[in-house]
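Residue numbers (our numbering): 6 to 284.
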């Protein structure tokens, strides 16, 4: 089941799902919470599921109005009862789930601004806005992930979903302005030597060509956030640092950049070798 974070849902959560809740009321036997993502749904965290060990005062662990992440233990839709656990959620899971939830809240606002906000040229209805949102969530599992994909590849991530071309343009503009594209950094090394009298200049040219390898890609390929930077370590070794959206792309760019530099050197009677890591 795709997770539509922050888009209010009428269905019930699934057993084992991590859900964002707001603490509603503290009782002697446990904590009642309201779900942020399931309209009208409430759940109970029994006192034994609040923390490991004996819990004397619930207020030492949670407070009313606090946003928490819980794990769904049991769902009884007929009785309208949902059992939750707070202690079963690890700190890393909590941070990641809250981050996802906040990202979805932000992206929902960005989508609304793009298609229905005061400055939007469309001002579409809520029903049509919901329709676009559902298409994005169904295709990418969440609004934020959809916007990240738009930043990576442009509006072609939207057109196959049946989203109007003019809407896709507006979404892309908002996505590029607001989403910081995730990136990875990798480093490789080239050994370059050239026996010619102007060998130093040829090596400089080779490194310049390596940095420009991104520009040689076809216009159809998205190179936003992709960079190659060469730097001097100590003759004859030079470092190539690549930034890209993912490791696969980074490794490809690093390989192309190194090969480009080596080809320039070899055309001028020199020697070149690529090392992924220095010993």
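All residues carry an ideal CB built from backbone N, CA and C; glycine is no exception.
- Pairwise C-beta distances place the segment 265 to 282 in contact with the segment 205 to 222, as three or more of them are shorter than 8 Å.
- Inclusion of residue 37 and residue 49 in the CB contact set at 8 Å is warranted, their separation being smaller than that value.
- The alpha-carbon separation between residue 193 and residue 163 amounts to approximately 35 Å.
- Note that the C-beta distance between residue 115 and residue 179 is below 8 Å.
- For residue 23, the enclosing beta strand (DSSP E) stretches over residues 23 to 31.
- For residue 277, DSSP records a beta bridge to 197.
- Within its own chain, the residues whose Cβ lies closer than 6 Å to the Cβ of residue 216, once the five positions on either side in sequence are excluded, are 233, 235, listed in chain order.
- Around residue 241, the same chain offers 196, 197, 198 as residues with beta carbons nearer than 6 Å, after the five sequence neighbours per side are excluded.
- Contact between residue 102 and residue 212 is ruled out by a C-beta separation of about 44 Å, above the 8 Å threshold.
- DSSP places residue 129 in the coil class of the three-state scheme, outside both helix and strand.
- Here the C-alpha atom of residue 55 lies approximately 8 Å from the C-alpha atom of residue 63.
- If you look at residue 48, you'll find it isn't in any alpha helix (DSSP H); it sits in the beta strand (DSSP E) that goes 47 to 51.
- Close CB contacts of residue 190 within its chain, under the 6 Å cut and outside five residues either way in sequence, are with 248 (chain order).
- Cβ-Cβ distances below 8 Å link residue 17 to 43, 46, 80, 82, 87 in the same chain, with the five nearest sequence neighbours on each side left out; the list follows chain order.
- Out of 21, 175, 202, the CA that lies nearest to the CA of residue 89 is found in 21.
- About 10 Å separates the CB atoms of residue 125 and residue 134; that is not less than 8 Å, and the two are not in contact.
- Take residue 98, set aside five residues on each side of it, and the residues of its chain with a beta-carbon closer than 8 Å to its own are 23, 74, in chain order.
- Inter-residue distance for residue 78 and residue 137 is about 33 Å (C-alpha atoms, whole angstroms).
- With fewer than 16 neighbouring CB atoms inside 10 Å of its own CB, residue 19 falls in the exposed class.
- DSSP, reduced to helix, strand and coil, places residue 258 within a helical segment of the structure shown.
- By the neighbour-count criterion, in which 16 or more other beta carbons inside 10 Å mark a residue as buried, residue 283 falls on the exposed side.
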